[in-house]
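A quick write-up on the structure given underneath.
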Amino acid sequence: PADVDKIVFPVSIYDAETRSQNFGQVRNAYIRILNQAGGAEIARYDLSEDAATETAMVFGELYRNGADWKFRAVGQGYASGLRGIAQDFGVTL
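Set out below in structure tokens:
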């Protein structure tokens, strides 16, 4: 839609606090964007930083740049889980 100018890709570990899990324990985590027509990989972001306390993360975002869409790797971790991401974006859970 024309009124959308950004799509954010958050991820979280379900019930992370109860299970004592965090992204520091996750190996080979990545996000990738594929071309719908041919399935070619357009963008990829590998989680390679130490995320020992983060239970949720914004991996990246697609944003509108004129008539084009571009991908930006973000890698912002949240120890406060999905609730922390929601608060930063003004969403109430």
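In case it helps, the working numbering puts the sequence shown at residues 1466 to 1558. Quick reminder that beta carbons are idealized off the backbone N, C-alpha and C, glycines included.
**Separation of residue 1473 from residue 1487, as counted between CA atoms** = Distance between the alpha carbons of residue 1487 and residue 1473: 20 Å.
**Message:** For a quick check, are the C-beta atoms of residue 1520 and residue 1543 less than 9 Å apart?
**Reply:** The Cβ atoms of residue 1520 and residue 1543 lie closer than 9 Å to each other.
**Item:** Extent of the continuous beta strand (DSSP E) to which residue 1546 belongs
**Value:** Counting along the chain, residue 1546 falls outside any beta strand (DSSP E), though it belongs to the alpha helix (DSSP H) covering 1546-1553.
**Asked** Taking the C-alpha atoms as reference points, what is the distance between residue 1517 and residue 1490?
**Response** In a straight line, the C-alpha of residue 1517 is about 7 Å away from that of residue 1490.
**Prompt:** Does DSSP put residue 1519 in a helix, a strand or coil?
**Reply:** Residue state, collapsed to three classes: coil.
**Item:** CB-CB length for residue 1505 against residue 1499, believed under 8 Å
**Value:** Right, their Cβ atoms sit about 7 Å apart.
**Item:** Candidates 1476, 1509, 1477, 1536, of which the one nearest residue 1619 by Cα
**Value:** Missing from the structure shown is residue 1619; the chain here goes from 1466 to 1558 and no further.
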